Each structure stands twice: as structure tokens, then as C-alpha cells.
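If you're matching positions, the sequence shown starts at 21 in this note's numbering and goes up one per residue.
Ideal placement from N, C-alpha and C gives every residue a C-beta, glycine not left out.
For clarity, every value in this text was computed on a predicted model and none was experimentally measured.
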Amino acid sequence: MKNGDVKMAATLFVLMGEEAAAEVLRYLNEAEIEAISKEISYVGPIPAQEAEKSAEDLYQLLVANRFISEGGVEYAKKVILRTLGAGPARRMMDRLTHSSSSSNAFEAIDRLNPMQLSQFIQNEHPQTIALILAHLTPSSSAALLESLPGDIQADVAMRMATLETISPDVIRGIWTVLEEKLKPVAPYAHNHGYGGIRAVAELLNRIDRRKSRTVLEKIDTIQPDVANSIRELMFVFEEIAMRQR
21 MKNGDVKMAA TLFVLMGEEA AAEVLRYLNE AEIEAISKEI SYVGPIPAQE
71 AEKSAEDLYQ LLVANRFISE GGVEYAKKVI LRTLGAGPAR RMMDRLTHSS
121 SSSNAFEAID RLNPMQLSQF IQNEHPQTIA LILAHLTPSS SAALLESLPG
171 DIQADVAMRM ATLETISPDV IRGIWTVLEE KLKPVAPYAH NHGYGGIRAV
221 AELLNRIDRR KSRTVLEKID TIQPDVANSI RELMFVFEEI AMRQR
């Protein structure tokens, strides 16, 4: 268990109270119990803002990693309710529901034909296209990149490789525009977050080798270090694939 996880767990255990915390501890091993107990001894009074932030982190963890087998999101909401109490929990859930409506929508794009989707987005800014690709599964992302005009493929791949944390407001804004364009063909679904060097390496391994080489050469002229990192990971992925055959 990482230090950040231990600290979050300790904070949540204090917020839960002895009875609920004891119930959860039954599912942990001795090392985890010892680490969390030690961290709890350092926890002082917890400000309301920190309590809400810890519960929000827990919610995202439960939902994103599908740790809950029965109840899904609803079960996660119950955990937050018990941890924070009705008022703060409701405020937090309202905020999360509002922010998730846009991020949850990207998987719907996965089901579209890449050529069809390419026609919708090819006139968008390369940074916008990179963000869209970063939220698709590797196979959909690769197919979409391959279907884009050749003169923007490298630019989009490079921007995707260097994406940093994106503000939820920016994502909501992008989805609002996309939603209008895709209304006839894209229903809502759930999101797969995906991005960075690793995503581009896997993406380029899935497309035509000639196109992949062209994209890398163009990235090389702009950001050689990014291109080298992508190449290294592509090689690693190829090695893994060969061993699994």
C-alpha cells in the first residue's frame, strides 16, 4: 500500500468512526492494519474541506477501478454517505454527477466507425483531437488516428503524448461541442481514461508501420525526446507481444 493510500485510508477510518472502521479492517492483512493504525495516530482534527476531498478520492477510486461488485456507483454513494454524513455527501455527489456527465460520454465514441468520426472531428484543433483520442480505447484511438489526414497525424500524436492533466471544465466544454455534432449517432456510455507516451506507443503499434514511421519522424523533428520515449515503449510492447505468442 502506497503512502498516499495509507494516509487517505487513515483519514477515512477516522471519519467513519470506530464501528465502521473495525468492520473494514477485517478485510485487511496485518501489514496494512499496522500501517493504517500508525497513520491514524498522526491524524488530528480533520477540516470539512479535507474530509470531503478524501471521500471524493475514495469515490473515484471505487468507481474507476470497479472495486465494488454489487451495487456499483450506488454502493459507492452509500459508502460516502456513511463517511461524510447526509449534507456534505449530497453536495459532493451533486458535484461529481455534474462533472462525470461529460467524462462518461467518451466511450460512446468508441462505437462509431473511425471514418465517420474522423469526418466530425478532423477540422477541430489538433489539441482537441488529441484529447478525444486520449479518452478512447487503444484500438479505437489507433483506428481514428489512421483515418485522419496525414498532415495532422504526427501533430495529434505528439500532443497526445505530452498531454497533462486537463481541467474538467475544459473536458465538459469539448464534450458539449462534440455532443451537438454527434447527437444523431453517439449515445452516452462510460469513460476509459487514456493518454500520454504509453498510449501513443500502443496506438502507433496498432496502425500501419509506414504511417507509424512517418508520424514518429515528424514528432522527431519537433520533440526528439518524446519520439525516443515512444520508440522505446513501442519496442517493449512488441517484445511482450512476441513472448505471448
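(request) Return the residue from the list 157, 166, 73, 47 that minimises the CA-CA distance to residue 139. (result) Translated into positions along the sequence shown, residue 139 becomes position 119. Nearest of 157, 166, 73, 47 to residue 139, Cα basis: 166.
(request) Could you pull the start and end residues of the alpha helix (DSSP H) that residue 147 belongs to? (result) By one-based count along the sequence shown, residue 147 stands at place 127. Here the alpha helix (DSSP H) through residue 147 covers 146-154.
(message) Can you look up residue 172 in the DSSP assignment and give me helix, strand or coil?
(response) Position 152 of the sequence shown, counted from the first residue, corresponds to residue 172. DSSP places residue 172 in helix when its eight states are reduced to three.
(message) Is the beta carbon of residue 53 closer than 8 angstroms to that of residue 26?
(response) Reading the sequence shown from its first residue, position 6 is the one you call residue 26. Reading the sequence shown from its first residue, position 33 is the one you call residue 53. In this structure, residue 53 does not lie closer than 8 angstroms to residue 26 by Cβ.
(message) Can you tell me whether residue 34 is helix, strand or coil according to DSSP?
(response) Start at 1 with the first residue of the sequence shown, and residue 34 comes out as number 14. Residue 34: helix per DSSP, three-state reduction.
(message) Once DSSP output is grouped into helix, strand and coil, what is the label at residue 182?
(response) For the purposes of this step, residue 182 is taken as the residue at position 162 of the sequence shown. Coil at residue 182, not helix or strand.
(request) Assuming residue 172 contacts residue 134 (C-beta within less than 8 angstroms), just tell me the rounded distance between them. (result) Residue mapping note: residue 172 aligns to position 152 of the sequence shown, counting from 1. Residue mapping note: residue 134 aligns to position 114 of the sequence shown, counting from 1. Going by Cβ atoms, the distance from residue 172 to residue 134 rounds to 15 angstroms, so no, they are not a contact pair.
(request) Keeping to the same chain, check which residues put their C-beta closer than 6 angstroms to that of residue 235; ignore five residues upstream and five downstream. (result) As a first step, residue 235 is located in the sequence shown; it is residue number 215 there, counting from the start. Result list for residue 235: 173, 174, 177, in chain order.
(message) Helix, strand or coil for residue 46? Go by DSSP, reduced to three states.
(response) For the purposes of this step, residue 46 is taken as the residue at position 26 of the sequence shown. It is coil, neither helix nor strand.
(request) Compute the Euclidean distance between the alpha carbons of residue 149 and residue 51, then round it to the nearest angstrom. (result) As a first step, residue 149 must be located in the sequence shown, where it is residue number 129. As a first step, residue 51 must be located in the sequence shown, where it is residue number 31. Near 45 angstroms, if we compare the C-alpha coordinates of residue 51 and residue 149.
(request) Could you tell me if residue 255 is buried or exposed, where buried requires 16 or more neighbouring beta carbons within 10 angstroms of its beta carbon? (result) Looking up residue 255 in the sequence shown gives position 235. Classification of residue 255: exposed, given that the 10 Å Cβ count is below 16.
(message) Please identify the residue among 143, 154, 157 whose C-alpha is closest to the C-alpha of residue 169.
(response) Translated into positions along the sequence shown, residue 169 becomes position 149. Relative to residue 169, the option among 143, 154, 157 whose CA is nearest is 143.
(message) Helix, strand or coil, according to DSSP, for residue 67 in the structure here?
(response) In the sequence shown, the residue the question calls residue 67 occupies position 47. In this structure, DSSP gives residue 67 a state outside helix and strand, which the three-state scheme calls coil.
(request) Classify residue 242 as buried or exposed, calling it buried when 16 or more other Cβ atoms lie within 10 Å of its own Cβ. (result) Against the sequence shown, residue 242 aligns to sequence position 222. Burial call: exposed.
(request) Tell me whether residue 230 is buried or exposed, calling it buried when 16 or more other Cβ atoms sit within 10 Å of its Cβ. (result) Residue 230 sits at position 210 when you count from the first residue of the sequence shown. Exposed is the call here.
(request) Check residue 92 in the structure and name its three-state DSSP category. (result) The residue you call residue 92 lines up with position 72 of the sequence shown. Legend: pLDDT at residue 92 = 47, less than 50; position of this residue unreliable, value from coordinates given subsequently. Correct three-state label for residue 92: helix.
(request) May I ask which residues mark the beginning and end of the alpha helix (DSSP H) holding residue 227? (result) Sequence index remark: in the sequence shown, residue 227 carries index 207 (1-based). Segment: none, residue 227 is in no alpha helix (DSSP H) and carries neither H nor E.
(request) Determine, using beta carbons only, whether residue 158 and residue 223 come nearer to each other than 8 angstroms. (result) One-based indexing of the sequence shown puts residue 158 at position 138. One-based indexing of the sequence shown puts residue 223 at position 203. Contact: yes.
(message) Short of 7 angstroms in beta carbon distance, which residues of its chain neighbour residue 247, apart from the five on each side in sequence? Order them along the chain.
(response) Along the sequence shown, read from residue 1 onward, the residue named residue 247 stands at position 227. Taken in chain order, the residues that qualify are 236, 239, 240.
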